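Chemist: Below you'll find the structure I mean.
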Amino acid sequence: MGERIWTAGLVVIGDEILSGRTQDKNIAQIATWLNVQGIRLAEVRVVPDVQERIVEAVNALRERYDYCFTTGGIGPTHDDITVDAIAVALGVGVVIHPEARAVLERYYETRGGITDARLRMARVPEGAELIPNRMSGAPGIRVGNLFILAGVPHITAGMLDALTGTLEGGRPVLSRTIGSWAAESEIADMLAATERAHEGVAIGSYPFFRDGRIGANFVVRATEQGVLDACAEDLIAGLAAKGLEAVDGGI
6 MGERIWTAGL VVIGDEILSG RTQDKNIAQI ATWLNVQGIR LAEVRVVPDV
56 QERIVEAVNA LRERYDYCFT TGGIGPTHDD ITVDAIAVAL GVGVVIHPEA
106 RAVLERYYET RGGITDARLR MARVPEGAEL IPNRMSGAPG IRVGNLFILA
156 GVPHITAGML DALTGTLEGG RPVLSRTIGS WAAESEIADM LAATERAHEG
206 VAIGSYPFFR DGRIGANFVV RATEQGVLDA CAEDLIAGLA AKGLEAVDGG
256 I
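Plus 5 on top of the position in the sequence shown (first one is 1) and you've got my numbering.
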């Protein structure tokens with residue numbers, strides 16, 4: 006039997022992402038963090054602040070993958086509807102988590118006190134656990150294999166830090182980048198043959214046009230260092246056989 010591969014889906018929630026007003030930074034940082042945990046980000050959906058769309062996306066991804074993460078929509082304003090939508094997706098009610106309330110009361114004690122709006126950030130789907138948030142007091146939320154995180158990237162990062170080492174996963178995916186001033190079409194067959202020759206390896210090709218020249222970076226990925234390096238060296242040799250210089254580390 007092959008090695009167990011752990012996977013995750015991500016739902017990015019927010020009209021501001023879809024409108025272009027805000028550029029998402031969470032996909033990259035969550036994908037990178039998951040990889041260190043031995044979990045592969047397999048799918049991302051970006052949805053508006055619409056309950057039905059959030060419910061649909063969350064239910065699809067939490068059933069399809071080992072873990073499902075969401076970002077955005079857990080703040081104090083009326084349009085932060087993620088908690089309510091996820092409660093609907095799970096078929097449970099929304100409650101004030103007593104620990105979350107206590108955390109917020111302590112945090113806002115010297116910041117104007119707790120208000121109804123701020124208390125909204127203590128609302129969780131019934132049965133949820135909290136994810137600590139050292140940055141702004143308002144915690145993240147965990148319900149089973151579902152993780153509800155903030156949308157602000159540095160707050161998301163703090164929540165991920167609190168989760169580090171708590172999820173079951175496999176071996177992290179390792180990578181090595183080889184660059185070359187070559188058009189993909191010139192070496193497509195060689196790339197495919199090199200990947201086929203090394204079981205458990207994937208090669209991604211990322212072309213670019215720079216300084217008036219066409220080139221590409223090839224990212225070799227595997228879970229074992231020896232397998233990774235063997236494939237990368239074969240790729241370097243294959244480029245050399247075509248008269249192309251390989252740049253270890255990428256261009």
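Backbone N, C-alpha and C define an ideal beta-carbon position, used for all residues, glycine too. Remember, predicted model here, so these are calculated numbers, not experimental data.
1. Alpha carbon to alpha carbon, how far is R26 from P158?
2. Taking 9 Å as the threshold (C-beta atoms), are A127 and L154 in contact?
3. With H, G and I counted as helix, E and B as strand and the rest as coil, what does DSSP make of V99?
4. Does the Cβ-Cβ distance between L196 and L240 come in under 9 Å?
5. Tell me whether K185 is buried or exposed, calling it buried when 16 or more other Cβ atoms sit within 10 Å of its Cβ.
6. Across the stretch 59 to 79 and the stretch 6 to 20, are there enough close Cβ pairs to call them in contact, namely three or more that are closer than 8 Å?
7. Please state whether the Cβ-Cβ distance between T87 and G96 is less than 9 Å.
8. Between V55, A62, E57, Q42, which lies nearest to E48 when the distance is taken from Cα to Cα?
9. Which same chain residues, not among the five before or five after G174, have their C-beta less than 7 Å away from its C-beta?
10. Alpha carbon to alpha carbon, how far is G217 from I139? Give it in angstroms, no decimals.
11. Give me, in chain order, the residues of the same chain whose beta-carbon lies closer than 7 Å to that of M6; leave out the 5 immediate sequence neighbours on both sides.
12. Figure out for me which residue from A221, I219, G231, Y211 has the closest Cα to the Cα of E204.
Modeler: From the atom records:
1. 15 Å
2. no
3. strand
4. yes
5. Sequence check: residue 185 is Ser here, not Lys. Buried, because 16 or more other Cβ atoms sit within 10 Å of the Cβ of S185.
6. yes
7. no
8. A62
9. W11, Q42, G43, I44
10. Residue 139 is actually Arg in this sequence, not Ile. Their backbone Cα atoms lie some 47 Å apart in a straight line.
11. Note on M6: pLDDT 45, under 50, position unreliable in the model; the coordinate value appears next. Contacts found: none.
12. G231
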